[in-house]
Structure formats: structure tokens, C-alpha cells
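Residue numbers (this note's numbering), protein chains in the order written: chain R, 1 to 403; chain W, 404 to 626; chain L, 627 to 876; chain X, 877 to 1170.
Glycine residues also receive a C-beta, built at the ideal position from the N, C-alpha and C atoms.
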Amino acid sequence: MAKPFHKKLFEKIIEGILTLSGSITSLAVILIVIFLFKEGLGLFNQSPIAKGFVLVVNKNNPVNTLDAKSIKNIFDHEITNWKKVGGERDTIILFYLDDINSIYTEEQIGQNLENLPTLFSNLTDSISGIIAFIPKTYINSDFKGKVITTDNIKVSKFLSGKEWFPTAEPAAQVGILPLILGTLWVSIGAILLSLPLGLAVSIYLAEIAHPRVRNTFKPIIELLAGIPSVVYGFFGLVVIVPLIQSVFNLPVGETALAGSIILAIMALPTIITIAEDSIRTTPRSMKEASLALGASRWQTIYKIVIPYSISGITAAAILGIGRAIGETMAVLMVTGNAASIPHSFLEPVRTIPATIAAELGESSQGGMHYQALFILGSILFVITLIVNLTVEYISSKQKLAKR
Amino acid sequence: MTHLDNEFIKLRMQLFEMWSLVISQVEMSREALLNFDKGAASEITFKEKMVDSYELKVDRDCENLIALNTPVATDLRFVLAVLKINTDLERIGDFARGIARFIKKCPKDNLNPELLKVCQIDELMKNAIEMLTDAKKALEYENSRMAISIFSHDDFLDDVHKHSNKIIAEYIKSHPDEIEEALNLYSIIRKIERIGDHCNNIAEEIVFYLEAKVLKHSNKKKV
Amino acid sequence: MAKIETVDANLYYGDFHALKNISMKMEENTVTALIGPSGCGKSTYLRLFNRMNDLIDSTQISGQILVDSEDIYSKNINVDELRMKVGMVFQKPNPFPKSIFENVAYGLRVNGEKNKTYITDKVYESLRQAALWDEVSDKMNKSAFELSGGQQQRLCIARALAISPSVILMDEPASALDPISTAKIEELIHELKKQYTIVIVTHNMQQASRVSDFTGFFYLGELVEHGATAKIFTQPNNKQTENYITGRFG
Amino acid sequence: MTLERRKELERSKKRSEKIAFGTFRAMSLLVVGILFVILGFIIIKGISVISWDFITKMPEDGMTKGGIYPAIIGTFCLIGGSMIFSFPIGVLSGIYINEYASNGLVVRFIRLMTNNLAGIPSIVFGLFGMSLFVNTLGFGDSIIAGSLTLGLMTLPIVIRTTEEALKSVDNSFRQGSYALGATKLQTIRRVTLPIAYPNIITGLILSIGRVSGETAPILFTVAAYFLPKLPHSIFDQVMALPYHLYVLATSGTNIEESRPMAYGTALVLIMIVLFLNLIANALRKYFSKKVKMN
């Protein structure tokens, strides 16, 4: 009794659909990689100078190029002499577009600003220490000054830069070190808080608690995992932040510590569930053997159960860190979001995800800021990829060892 | 040396102890016959009781060995052989006691040596004892050729037994006053012949144990 | 004086009456085998003697369970100490994820032994007693998982011996092993009998008959018959026992 | 070892066990306590705000008065949209991995990718959704862009749930079906899926909970800061509960005055999650009873 042809065809079609669905996640991951990097990588072809503007100096000035950092320092009055940036000893005189009104009268400028190019040209020519930040359109072919060139943003500078002012003028600062450190501080703080707590709870639930207690606690902890992160953030904002502020007597309560505490609570269910599952895989007979040798329950736990499930516990810890690093909303709401390198847990910090969430709305599509945020997203993606691969590696080793 | 090996050694020792006892019974019955020694006769009866208890013990040990250790192959053949040899030995002991009983019950205080002579009692007994001892040795040394050689001894016993009715009849004709003794002696000859048969069986069991060959009901000459 | 004795021992798992009025005596330096169909309570009974049933919740026990004439369920008994006196070997070989040496030393260490030479001597002695020494003497620091199943089980026996128990409980110690390894374990039991009192639960009746001096037949939580193994296996008193050992059960 | 020393050792063994177990128990109670504090706090603060008007009215006066109706509707739109996308594909993918893919490298690779997808932070999904759906495909900030982003994010959960549920179906059922001459597809449709579906459903409900609470992925793909009207098509923007809570808590026009509204919104959000959890648990119990009865 052969199956009719159309039925066979039908099965083949269904199989095709299933295969396609099976590859959807791989496809999604690949798409995510492509789009993140496509949007982000343009950053490294960008000049840090705001679009449409240039920096000009006196043509006798030996300085030809300036990096973003020096530009910022010059305009922040931190560098006041050309000597510092490789020029001759000469005081730096800053000139913004708006300053033109205080130097020239409206008549001189002209009704339609038609005289501006000539004025700029004269200005840069007459003042030897000048550096002017002006729109590109006002530079004529007979411009007497010199246009300063700036290097494109470099990967190394991007990673090691200590300042994050992507909207700063004249030169944006896109150093992500404070963000990376902020993320690490908050995450490490979170894991320091949640790992001991999570391990204790998983050991308690798996080995010590009465089944009835376990059956009550487990759903509660699952519920803890279900609460949305904004709610955690909100709770942190209205309860933990004021608490920290008053306990440590701080001007503001939004600190790395607040973020760590909230993240610790959020990472708890992940750690507890995975660690408990792993602890429960310890064969009963092995525990019984230990007890039969006169070991107490506690000795059995730390001498047999924990060593046996150590790889699962490690996986739990790593996944917990992964969760903490990627968490956005709660952290955004409680850490204060100051993009400076933190020195203690009681300072405001800004994490990578929080930066993206807070700033993407303000950035213009395709602009440098936008690209920088996508690069941050890519970094986040790579970090979580590493976390997942590590966990995968650990658990595959665990399976191998236990066979 | 495994636990099971130890069990087999114990069983073997017991069987040999019993065997020696039976041999001594038969030897004593020979002496009692030849010397008409009533004291030896009662000793045989006493030994018979020991043999009986040995028999029960060996029986039980075999049973336990089978029940508890489920022996197989050579182990199983050994236990089965021991079980049968045990019965044969006990029967042989019975025959020795039968001889002793005749001597004890006999109202006279000696037998006519001529009667013993014509009946070849001494030779018969010697032969039987030899068979019994050889069989024991065959098992002790686990030597099947030695066991097979026993079959030829049996021929002599059969032969004497076959002709003994004529000889006894003639003896009765010449000595009408010794009819009762002569008839009793005839039954003793028969008993000795039966001892030989049992020895034969024992030899067969030994060959079965050692070589897993069944010689029963076959022509032993060919072996 | 019996080494182990129970008088009217009853055990309940919740509502389930798992052991019913078991009274039994086990003499020193004997091997007692507990046989019976699955779920008959023989393993539960075995686990009374080192209070392994304590680990299961809602277990209730009544009656007297005596080891060395001491009621081991009385309040002033230290369970850890009891378990040192009453060693146990499990159904499946269950070495710890540690080295061979550390597996055997475990019992000593958890019970506070710190003297290194003592531990080493004791470990070696136990391995010799368990007839494993020749096979592992050159790989003491290798993982116990590298041993074969039979070797692992002997390692577990050595592990139990290291804390110098006087009683050894064996819960189907050879059921996961091949015939050769099984034979080795059985041979070992015959050796160990000289120093220890052994109680063994087994599904394999031949094994019970081979290794034990006394046999108890359990059925539906009751001790149906108890006596010398030779007696049980040749002329059991009880029809149920006979049916079970002859394989005509049910 | 002397008896004295032995006793001392036993005592210290007992003592350290007591301390350790006591600590563990205390820590567990602490964790459960945290949950009750969070829930309790939000319920107590929020319960007085909740009213029929709160649920059915538009926000007013710079979101300091009125209700959160559009946010609730928006969230349900997003739940619906993302489920339409992720359920069928996720379940099919789960079936493929567990029933079709021949064990080996392919399955390992797919599983690895699924795990990776599950581990990607939600904000990265937000970036991706903005780049692909909003900009490249030109959907703009819209329900469809948000739904697709959320759907992509829940995909790994759905796949894993399905896979676990199918894995727990005993192989003997499949073999029994094959032995009667059924094809693979027939076996899956008539034997495997019916047995597995209670677990699949439960898992799906829990994944809805995840969708309803996510903020980061919808930040740049759909969520509107303030939009006091209902959407007309899938290309409209909507408000959503979690984002609304974020706005009320951090960047409303008058944070102090909108606090009560924030508590109310948080409570509604939690109620939805709690409700879904309850349903999932009830279903789990119901199905396991049914299985037992059979």
C-alpha cells in the first residue's frame, strides 16, 4: 500500500518548512551581526569634528594636525599654549562663530552674511595664535588661514579613551573606557552579592530543605525571574536609591552600588535555577556513600556535592554575569549615568547598555554618535557571545566527565 | 584457592575417610572369616554404624553443594560421582556386616579350613580388597587408567562365583554334616562377588567424573 | 550475643507499611543474605542498620533495632558514629570524583583523622583487604573513574573498610557487574567474613546461596523465613520460600 | 583516636553543620523576603491608584492624572504581534531540532546559535530592530517593528520550550507509531505533539510574560513617550506599559506628581506577569492530573 504521490509531496514540503524554521536562529544571529557592524563600523572612518565644520589656524602656525583629545583640551582652556601641542610658544586664542558679532558690526558682516568668508580669512591671518571653529561653507578658495586636519577615530583610542562626550563640540570624545569600567563595576558588584546568596539558596533548596519548603520556594524564585526589569528599576529608584543616599550620607543615591544591588536581585533566579539543577544531578548513591562513611550532611555537601557539580555552578555564575552585563533598564534607572571612570561603589556610573538606551534616541541616524552606540552594541554582543560559548564549553566538558 | 575449592576438598576428605573405614571393614571380615574371629566380627558391626553416619553426612554435603553452589561440568560430575560412590561404599559396608553376622551367629567355634580352601575365600577376599583400595587410589590420583584396570579383577570374582555352586554341592556330598556352613559360605561368596560389582560401579563413576564417559552397561573390555 | 538484632521492627513510608514486625538475629562473623522479590522490603531492612532510611522524609520506625546490643534509634546515638561502625557498599559502584587514594581516605578524613602516615597505612591495608592492591598500587593518584566497574566496586568496599567498621552492609553489591567481577566480589565476601559481620541484599539467589551462612526471605514487608542458608535452599519450611527459590513465584 | 577527641570532633562536626545550614536557611529566607518586599511595596503603593478609570482612561495633565489605557492596549498589541511571529516559527523550529535534524554537528550548531540568541542582551535586540525593521525595511516606529523585535527575542524561549517538551515524550510512543506504518509527519502530528502540547502551552504562556515586561527592545522600535490615542494599523506607534513606567519614573513632566501613576502602572505590569504565571502553573497541574488519570 503505497502512499499517494501528493501526500509524499506534502510531507516533503512540510519537511522543507521545518528545516527552514530550524535555521531561523542561526539566521537571526548572523543578521544581528551584519546589521550591528554595518551600522557601527562607519565610526572608524569618521572625523571627530562635528559635521560641516572645520578648524582653522594662522597659516604660519606649524601645527597641521590635532587629535580629538587635544582639540577638546584646547577648547576647554586646559591647553592654552601652542607649545603644548607641538607648535611655537604662543598663547592660543579661541574663536567661535558667535564671537564674530562682538568683533565686527552687523554692517561689516553684511545683510546676508556675504562678507563672512573674507572676515574669517582676515581674522585668521591677523591673529597668530588663533584657532577658529567655523562652518565649512565660509572657507573660500582664497582663504588665508590653514585648515587643521584631524585623524579619524582609531579603534585603540576608542577602547582606551577615558572620556565619553559624543555630542561635544568642536570635537566629540568617544572613549568607552568609563562605560566598560562602569559595566564591569556594576556587574562585578552584582555577582559578588548574588553569587554567595544564590549558591546558598541553591544548596539549601537542593540538599537541605524539606521538599515541601522547596516546592514553595521554587515558584517564588521563578516569579522573581518573571518580574519585568523596569519594575526592578522602579523599585530601585524609589526604595534602594534613597536608602543608599541616607545610609552613606551621599549627595545622590544613584550609584554603582544601587545598580549592583538591583542586578544582584535580578541575577539571583538565573544563578539559583542553574546551580540547583546542577547540584541535583549529583547521584544519590554518591551522597549516600559519603553519609554511610560517617560524614555529616554538611561534609557531604562541601566535599562531594559541590566538587561534583562545580562546573554547573561555574556555568551559573558566568551566566549570571552575562545577565548582569546585558541588563539595561534597571541599571539605567538607578546608577546615575555619569560617564566618568568610577573609583568607588558609591559613585554614579554608566554602563554600556544604559548608554545605548539613553542616547540612541538623541542621536541622528548615521551620525558619529549613532555609529558609536552601535559599536557599543556590537561590543555587548561579543561579550555575551563569549559568555555563552564559555558556558557551552563548560557544560560540554561536564557532560563528558560524567558520561 | 576459591571458597568452592575448599568445599570440594572437604567433601573429598570425608569420602576418603569413609572409604578407609569400609576398606578396614572388609579386611576385618576377611580375617574374621579365615580365623573365625568373633571379636573382629562385632567390631565390624560397630564400624558399620560409623559408615552409616558418614553416608548421611556425605549425602547432605553433596546436596548442599548442589543447592548452594550450583556446580557445573567437572564440579558437577564430581559431586554426582561422590553421591553414587557413597551409596556403593555403604552397600559394601553392609556386605561386610553380613559376613560378620554369619560368624557371630554360627554356633560352632571354627570352620573347616578345607571348606575355605575349596571355596577360595582368601583369594576372593584379597581380590575384593584390592579392587576397593585400587578404586580409592584411582580417585586419589585422579587416574582413570587405574580405575579401568579394576574391571579385570572383577572377572575372577565372577568366575569363582559362577563355579561355586558346583563346588559347594560336591563339598556337601562329601561332608554331609557341614551342610549349613557350606550353604552359608555360598551366600558369603555371593556377597563378595557383589562387593566386586560395587567396586566396578565405583570405577565406572570415577571414569565418568574424570573423563565424562559413561561405561555403564557397555563392554568394559573394549575400554 | 547477636551482633545485630531486630525485635518487632516496623517501618512506614507515610501510609505505606514497608516492614512488618521483623525480628531477626545476626551473629558475629557470619554472612546473612536477604532475598525476596523487588519491593519486598529487604533493602529497606538493610538500611535500618546504618539509619540510611533517615534520609527519606516521612519515615516512621518502631520496634528495637540493636547493634552490639545498643538500640541505634535511641536519642543518644550519634548517627555519624554508627555509620562508621556499620559500613555500607551500594548497588552500583559509586566512587567519588576523586583519586583512588582520596576515595579510600575520605571516611578517615571526614571523621577528623589528620595523621598522614596513619591514613596512608590504613588506605593501603584496606586496598589489600579488598583484593585491589595489586591492580591499583601504581596509580593511587589516578581518578577512581578510570577503574573498571568491578574494580570500582572493590574500591568502594575498600573505602568502607578503611574506617574499620565491624558490620558491612551490602546492597546488591554485584548486580551491576559482569560474572568475573561478581565472582571476585563473592570470593572477597568469604574472606571478609573472618573479620566482619556481613549483611547482603541480593536479587540473585545463587549468590545468596553461595556467599551466605544464613538467609532471610522477605515478601511484602514480612520476614517469611529465616534460617541457615543450606536449610533454606534444600528444605525450606515455607511454601512461599520454596516457590521463590525454585523460581515458581507468583 | 581517643574517645575524648572523638566526641570533641563529633561535636565540632555538628556545630559547623548547624552554622552552615542555619546560614543557608537564613539566606534563602532573605531571597524570598526580597520578593515579598518588592511585591508588597508595589502592591501597597499601587492598589489605591488602581481603579476602573485608571485602566480605561487616557493619560491627562502631563501624565499626572487620568489612566494608562493606551499603554495597556499597546502592550497587548505587542504581545499579540510578537506571538504571531514567534510561536509558529519557534514551535516548528523546536520540532525540527528534536524530531528531524539528524543528531550531530547540525543540531549542535543550531542549539549553540539558539543559546547565543537567548543570551543576547535585550538592548542589542533593540538596536538590531531599529536598524533592520525601522530603518532598512522602512516600517518606522511601529507595532510591526516592535512585534518583530520582541518576537525574535522570545524565539529562543519558544524553541527551547518546544524542544524540552518533545524530548520528554518517551521514544516508545514514536516507535509504536512507526511500527504501525505511520510516517514521520503523521507520528509527530498524531502522537508526539498531542503528548507534548501541555508542556509547550505552559512554556508559551511564560514567554508571554517575558514579552509583556520588556522595555529595551521597544525603546527605539515602537514605544511612544506620550500618545493618548489608540493605534489604527500595525504601522502606528503605541505606548507600552513598561516604557510608560520608565517614562513616569524618570522623565515625566512632573516626576513627583506622577509617582502614584507610576506605582499603579508597576502594579498592573506585575499583575499581568503574576496572572500569566498563575495560569501556567494551573495548566501544568491540570495537565499532569489528566495524564495521571489516563
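Helix, strand or coil at residue i according to DSSP, with G and I counted as helix
{"i": "residue 460/W", "result": "helix"}
{"i": "residue 624/L", "result": "No statement about residue 624/L is possible, as the shown extent of chain L runs from 627 to 876 and does not include it."}
{"i": "residue 146/R", "result": "strand"}
{"i": "residue 81/R", "result": "strand"}
{"i": "residue 885/X", "result": "helix"}
{"i": "residue 722/L", "result": "coil"}
{"i": "residue 382/R", "result": "helix"}
{"i": "residue 497/W", "result": "helix"}
{"i": "residue 503/W", "result": "helix"}
{"i": "residue 934/X", "result": "coil"}
{"i": "residue 1076/X", "result": "helix"}
{"i": "residue 431/W", "result": "helix"}
{"i": "residue 824/L", "result": "strand"}
{"i": "residue 696/L", "result": "strand"}
{"i": "residue 104/R", "result": "coil"}
{"i": "residue 1/R", "result": "Because the pLDDT at residue 1/R is just 48, under 50, the model does not fix this residue reliably, and the value given afterwards should be weighed accordingly. Three-state DSSP puts residue 1/R in coil, outside helix and strand."}
{"i": "residue 479/W", "result": "helix"}
{"i": "residue 349/R", "result": "strand"}
{"i": "residue 248/R", "result": "coil"}
First and last residue of the uninterrupted beta strand (DSSP E) at residue i
{"i": "residue 135/R", "result": "130-135"}
{"i": "residue 651/L", "result": "642-652"}
{"i": "residue 842/L", "result": "840-845"}
{"i": "residue 797/L", "result": "793-797"}
{"i": "residue 631/L", "result": "630-639"}
{"i": "residue 231/R", "result": "No beta strand (DSSP E) holds residue 231/R; the alpha helix (DSSP H) holding it covers 229-235."}
{"i": "residue 310/R", "result": "Where residue 310/R is concerned, there is no enclosing beta strand (DSSP E), although the alpha helix (DSSP H) it sits in stretches over 310-326."}
Sheet register partners of residue i (DSSP bridge)
{"i": "residue 53/R", "result": "135/R"}
{"i": "residue 853/L", "result": "841/L"}
{"i": "residue 1099/X", "result": "1114/X"}
{"i": "residue 769/L", "result": "725/L"}
{"i": "residue 444/R", "result": "The displayed coordinates of chain R run from 1 to 403. Any statement about residue 444/R would go beyond what the structure contains."}
{"i": "residue 714/L", "result": "795/L"}
{"i": "residue 660/L", "result": "827/L and 842/L"}
{"i": "residue 942/X", "result": "935/X"}
Residue range of the unbroken alpha helix (DSSP H) whose run includes residue i
{"i": "residue 707/L", "result": "705-711"}
{"i": "residue 991/X", "result": "981-995"}
{"i": "residue 199/R", "result": "177-203"}
{"i": "residue 867/L", "result": "865-871"}
{"i": "residue 279/R", "result": "256-280"}
{"i": "residue 119/R", "result": "116-126"}
{"i": "residue 68/R", "result": "68-75"}
{"i": "residue 405/R", "result": "What is shown of chain R runs 1 to 403, which leaves residue 405/R out entirely."}
{"i": "residue 331/R", "result": "329-334"}
{"i": "residue 952/X", "result": "945-971"}
{"i": "residue 1106/X", "result": "No alpha helix (DSSP H) holds residue 1106/X; DSSP gives it neither H nor E."}
Cβ separation of residue i and residue j, assumed to be a contact under 8 angstroms, to the nearest whole Å
{"i": "residue 692/L", "j": "residue 670/L", "result": "18 angstroms between Cβ atoms; not a contact."}
{"i": "residue 205/R", "j": "residue 968/X", "result": "The pair is not a contact, with the Cβ atoms about 35 angstroms apart (cut-off 8 angstroms)."}
{"i": "residue 818/L", "j": "residue 789/L", "result": "Not a contact, Cβ separation roughly 14 angstroms."}
{"i": "residue 648/L", "j": "residue 632/L", "result": "5 angstroms"}
Check: residue i C-beta below 7 angstroms from any heavy atom of the ligand HEM
{"i": "residue 70/R", "result": "Among the components modelled here there is no ligand, and therefore nothing to report on the ligand HEM."}
Residue from the options whose Cα sits closest to the Cα of residue i
{"i": "residue 757/L", "options": "676/L, 831/L, 780/L and 736/L", "result": "780/L"}
{"i": "residue 349/R", "options": "179/R, 220/R, 270/R and 189/R", "result": "179/R"}
{"i": "residue 710/L", "options": "269/R, 36/R and 296/R", "result": "296/R"}
{"i": "residue 533/W", "options": "610/W, 606/W, 445/W and 467/W", "result": "606/W"}
{"i": "residue 762/L", "options": "736/L, 738/L, 733/L and 729/L", "result": "729/L"}
Pull out every residue of the segment 471-505 of chain W whose Cβ sits closer than 9 angstroms to any Cβ of chain B, in chain order.
Looking for chain B here will not work: the only protein chains present are R, W, L and X.
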